[in-house]
Every structure is written in C-alpha cells, then in structure tokens.
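First to last, the protein sequences are chains W and Z.
Residue numbering for the first sequence follows the numbering used here, beginning at 1 and increasing consecutively.
Residue numbering for the second sequence follows the numbering used here, beginning at 1001 and increasing consecutively.
All residues carry an ideal CB built from backbone N, CA and C; glycine is no exception.
Here the structure is a predicted model, which is why all the values come from computation and not from measurement.
There are 2 protein chains.
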Amino acid sequence: MNARTSPSLSKLVRERIRGQILNGRLKPGARLVEDRLSAELGVSRVPVREALRSLSAEGLVRLEPHRGATVVEVTPETVAELVEVRALLEGQNARLAARRHDPEIVRQLRETLAHGNAAAESGTTEELTRLNAEFHERLGEASRNSVLLDVMRGLRERTSLAFAINSRARAREDWKEHAGILEAVIAGDEELAALLAIRHVQNAASAFARAHATAANDDAA
Amino acid sequence: MNARTSPSLSKLVRERIRGQILNGRLKPGARLVEDRLSAELGVSRVPVREALRSLSAEGLVRLEPHRGATVVEVTPETVAELVEVRALLEGQNARLAARRHDPEIVRQLRETLAHGNAAAESGTTEELTRLNAEFHERLGEASRNSVLLDVMRGLRERTSLAFAINSRARAREDWKEHAGILEAVIAGDEELAALLAIRHVQNAASAFARAHATAANDDAA
DNA sequence: TTCATCGCTACTGTATACAATATGACTTGC
DNA sequence: GCAAGTCATATTGTATACAGTAGCGATGAA
Chain W
1 MNARTSPSLS KLVRERIRGQ ILNGRLKPGA RLVEDRLSAE LGVSRVPVRE
51 ALRSLSAEGL VRLEPHRGAT VVEVTPETVA ELVEVRALLE GQNARLAARR
101 HDPEIVRQLR ETLAHGNAAA ESGTTEELTR LNAEFHERLG EASRNSVLLD
151 VMRGLRERTS LAFAINSRAR AREDWKEHAG ILEAVIAGDE ELAALLAIRH
201 VQNAASAFAR AHATAANDDA A
Chain Z
1001 MNARTSPSLS KLVRERIRGQ ILNGRLKPGA RLVEDRLSAE LGVSRVPVRE
1051 ALRSLSAEGL VRLEPHRGAT VVEVTPETVA ELVEVRALLE GQNARLAARR
1101 HDPEIVRQLR ETLAHGNAAA ESGTTEELTR LNAEFHERLG EASRNSVLLD
1151 VMRGLRERTS LAFAINSRAR AREDWKEHAG ILEAVIAGDE ELAALLAIRH
1201 VQNAASAFAR AHATAANDDA A
C-alpha cells in the first residue's frame, strides 16, 4: 500500500489503467478482471471498480452486467462516426482559436510544436503520443471553451485508441499539419485554421484505414 | 437473457438521482451525502457511490475529494459554452438527418411532434420535459451517428438542468421550432435544417438569459 | 473582543466479507 | 455419439466494517 494517499487510489488506478490502454499494453477486447487488477496494483477491488466505471463513462472500457469490463473494440463504423464528430469540433475549435489567438497559449503551442518536430525525427512512440496529446490539449485551450475541450479530449482518446498503431509512421505528416494549423491560428485566419484542423483529423483517419486494409490483406495472404 | 437484465441497483439508483436532479427536486448546489441517499433509497453506500461517479462523468454532479458530491451549478459562462457546442452539433446532426431522412424515424418524429404540440397546450411540465427529450433523442437517431447522439445527449441534459425553469413558458415556441426542423429534414433541405436547429438551441438560451436577468432584477428590487 | 489552537463530528475513502449470477465442464439418458 | 440438463467455479454485485481527512465549534490567551 502506498503511504502517500493524497491523490485518491481510485484516481491513481484509473490513470494507470487508462495509460495501459492508450499505450497498447492492454489491447482492445482484453478482459479487465477486477480481482486480477486489484492484486496487480496492490489495492482492493473498490478503487478498481470505480476506475473501471470512470473509464467506461469515457468510452475506453465496455461494461457488461455480471460479465465485467473489457477494453473497447473500435469498429471501422465507430471510427468513422468518431472522425465525423471530431473533425467538426476540431474545426470549430481551430476557428475560435484563430479568432482569439491568445499570445501565451500561442507561445506554449510553439514550444510543443518544436518538441514534436524533434520527436518526429528521433523520438520514441511514447514521446510522440504524449506530445501529440499535449499539442491538441493546448490547441483545445486556445478556444477558451472548456466544454468543447472536454468533449474533444474524450473523442481524441477514443480515436487514439485506434490510431496509436501508426502514430510512428505518420509522425512527420502529423507535425507538418500541426505547424500549418498553428500558423493559421497565429495569422488569425479562421477559415484556414478550421479547414486544416478538419483535414488533419480526416488524414489521420485515412491513414488508419489504409493501414487497416493492408493489415487485413496481410492476414488474408 | 438481455431482455431480462437484472436491474442492477447502481443503475436504478443512478436513474433515480438523475431524475431528481433533472426535474429540479435536487437543486443546483445541493449536497449529495452518500449515507443519506443510501438510507433514503434503502441500499448500501456502494451503489450510491457508483451512481454518483457516473453522474459526475456525465457532468450533472460535481465530485470534490474528501468533500463529497453536489449537484452542479451551471454558471452563465458554462451555459454559453454548452450552447456554443450544442448548437454546432445539433446543426450538423440536423444536416445529416436531412440527408438521410429515414422514413421510419421521420414517422416517429411526427408522432412525438403531435404529442408535443398537444402537451404545449395542456400538458404538465414533466410531460413537456419528457417529450422534448424524446424529440431531440429521435432527431439525434436520424443522423445515424451514435457518437454524435451520445455527446448531444450529455450536453442536452446539462443545458436542460439550466433551462428547465422556463420550459413551460417557451413550450409553444419550442414545438413550433421543432416542427420547422422536422419539415426541413423531410424536405431534405440540409442547410435549412441545420440553420433551424442551431437557432433552436440559441433561442432557448436567449430565453434563459432573459429569464435569468429578470429574476436577478427581481432579487435586486 | 479577536485570534489561534485543539479536539470533535460528519463524511468520504478503502478494505473485507458475503450473495447472486453467468459460463463451461460433466453427467446422464437416448 | 449427441443433446439436454445439472453442477462447479470464476467473477461481478452488494453489504458491512474500519481508517483517514476536512470542517467547525469550543476553549483559552493576548
């Protein structure tokens, strides 16, 4: 048991499991048995249960009555739906960000962009994932709409669950597109920012679809 | 087996509390003490805790560490943010609904519309609330995007938390606007449907803002 | 009076224990 | 050999018990 229990075990457990899901250690479809997790993390089942409930509400975990929790499996249909909504929201967010272009947030975005560009060349997958999340998080803050930010974060996590596989391959493209969006935001060009943000989401989805198709073919071969 | 799913106390408790929040019996800012709720509902604290966690994830309840749960207080700023996002999504949803205009769903919408028109004249507040939710729910299904539907439902519940007060006063307007949206959807007029849906959300918000201002003036007087 | 400190109370956070349910193996009759 | 019924086991759902923390009022000194 941890001595420093300030940040509430439930929260710690939730972050731990979320991390394992997002970085792929827990694969889609994997069963999340409460006993196993609680033993593994050295806590009782109660915090684990609450963590799983939370993650279920976020859409990362599927909860079936009396059957337990599994990591969600994102079907191509769901991906399409997620992308449709995400594109819309990211577009509007970029539009609002361009309208406000808060200097402090722009500064932070530039910083993240620099790190991201570096990582795209020689960073680990984990780093890329973290920086990608950071860029989108800060971009989300730029619109000054916390509701929008929260919704986008949720959708982003669920899509990244599907896209994580090819985050490495698309890294350079990703950060080129990030740069373009930021540039439009700084220039205050609302429509361009929106368009680029929408395209960014759609491009990531297309890349995923292609990778998926290739993988399917490989399986068939 | 799925038809006869055991009610699961957590779920029942959650619906119960959600209902009490949405119909105003539990007012914003009210403390939700686990012991009291569990005694009141005749269950132990565990299901109550899980229900509160769920509601917190939905944004109806605020959860502070070691201090417990309270019904969220929706500030005017948050309302503005909610409306901004909701308008965007309802607009896109209406656009997609107009594109598809599924006959079966259109039939159901017509049915709800008829009930709503009747209730606007001589229905109870509770009825109006239920039918309003039903109309928006079915409209949400019309776009055939379950992600969009889920997100909109969440936002709708949170706004209705604020708007419930004047749902009675605006009933006729509401259902006139509903009729307009449905007409555009049936006609397959995507842009009109989107525009009317956006306006619908914004009008409800304006009415709320006016009522709020009046109430504030009354308080001052 | 006013302020700081102490201790009490109410409540949440966590653990353990028990009940209920689904799933898969095993038996049994044909 | 096969299908249907039953039983065992694994796992979730719920209850109770205990630990820890925040908030508040009482107490006492300046």
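Interface residues of chain W facing residue i [CB-CB closer than 9 angstroms]
i: Ser-1008/Z; result: Pro-65 and His-66
i: Leu-1078/Z; result: The question names Leu, yet the displayed sequence has Thr at residue 1078/Z. Ser-146 and Val-147, listed in chain order.
Cutoff 8 angstroms: residue i Cβ touching any chain W Cβ
i: Val-1072/Z; result: no
i: Leu-1082/Z; result: yes
i: Ser-1146/Z; result: yes
i: Ala-1057/Z; result: yes
i: Val-1085/Z; result: yes
i: Val-1151/Z; result: yes
i: Val-1013/Z; result: no
Minimum Cβ-Cβ distance from residue i to chain Z less than 8 angstroms
i: Gln-92/W; result: yes
i: Ala-97/W; result: no
i: Ala-179/W; result: no
i: Leu-196/W; result: no
i: Met-1/W; result: Model confidence at Met-1/W stands at a pLDDT of 38, short of 50, so the residue's coordinates are unreliable; what they give is reported in the following sentence. No, Met-1/W does not count as interfacial toward chain Z.
i: Thr-5/W; result: Summary for Thr-5/W: the model assigns pLDDT 37, below 50, so the residue's position carries little reliability, and this model does not support an answer.
i: Ala-221/W; result: With a pLDDT of only 49 at Ala-221/W, under 50, the local geometry of the prediction cannot be trusted, and the value read off the model is given with reservation. Ala-221/W does not count as touching chain Z.
For residue i, the first and last residue of its enclosing beta strand (DSSP E)
i: Thr-943/Z; result: Nothing about residue 943/Z can be reported from this structure: the residues present for chain Z run from 1001 to 1221 only.
i: Val-1061/Z; result: 1061-1064
Limits of the alpha helix (DSSP H) - the one that residue i falls within
i: Leu-1082/Z; result: 1076-1100
i: Arg-1025/Z; result: Looking at the DSSP string, Arg-1025/Z is not in any alpha helix (DSSP H), and its letter there is neither H nor E.
i: Arg-170/W; result: Element bounds for Arg-170/W: n/a, residue is neither H nor E.
i: Val-48/W; result: 45-58
i: Ser-1224/Z; result: The shown model of chain Z, from 1001 to 1221, leaves out residue 1224/Z, and the question about it has no answer.
Contact set between residue i and chain Z, taken where Cβ atoms lie within less than 8 angstroms
i: Glu-50/W; result: Arg-1049, Glu-1050 and Arg-1053
i: Val-43/W; result: Within 8 angstroms Cβ-Cβ: nothing; Val-43/W doesn't reach chain Z, min ~16 angstroms.
Neighbour list for residue i in chain W, Cβ cutoff strictly below 8 angstroms
i: Leu-1259/Z; result: Since the first and last residues shown for chain Z are 1001 and 1221, residue 1259/Z lies out of range.
For the stretch 80-88 of chain W and the stretch 1141-1148 of chain Z, state whether three or more C-beta atom pairs, one from each stretch, are separated by less than 8 angstroms. Between the stretch 80-88 of chain W and the stretch 1141-1148 of chain Z there are three or more inter-stretch CB-CB distances shorter than 8 angstroms, so the stretches are counted as touching.
Using 8 angstroms as the threshold, is the stretch 19-34 of chain W in touch with the stretch 69-82 of chain W, meaning 3 or more CB pairs across them? yes
Length-filtered (4 minimum) alpha helix (DSSP H) runs lying within the stretch 1097-1145 of chain Z: 1103-1122 and 1125-1141
Should the stretch 1198-1212 of chain Z be regarded as contacting the stretch 1097-1113 of chain Z, the criterion being three or more beta carbon pairs within less than 8 angstroms? Contact check between the stretch 1198-1212 of chain Z and the stretch 1097-1113 of chain Z: fewer than three CB pairs, one atom from each, fall below 8 angstroms, which does not count as touching.
The stretch 1157-1176 of chain Z touching the stretch 1055-1071 of chain Z, judged by at least three CB pairs closer than 8 angstroms: yes
Does the stretch 6-22 of chain W come within contact of the stretch 31-47 of chain W, defined as at least 3 CB pairs closer than 8 angstroms? yes
Hey, is the stretch 1189-1200 of chain Z in contact with the stretch 1115-1125 of chain Z, meaning 3+ C-beta pairs nearer than 8 angstroms? no
Is the stretch 1017-1024 of chain Z touching the stretch 199-208 of chain W, taking contact as three or more C-beta pairs under 8 angstroms? The answer is no - the stretch 199-208 of chain W does not touch the stretch 1017-1024 of chain Z, with fewer than three Cβ pairs under 8 angstroms.
Three CB pairs or more closer than 8 angstroms across the stretch 1137-1144 of chain Z and the stretch 1121-1129 of chain Z: no
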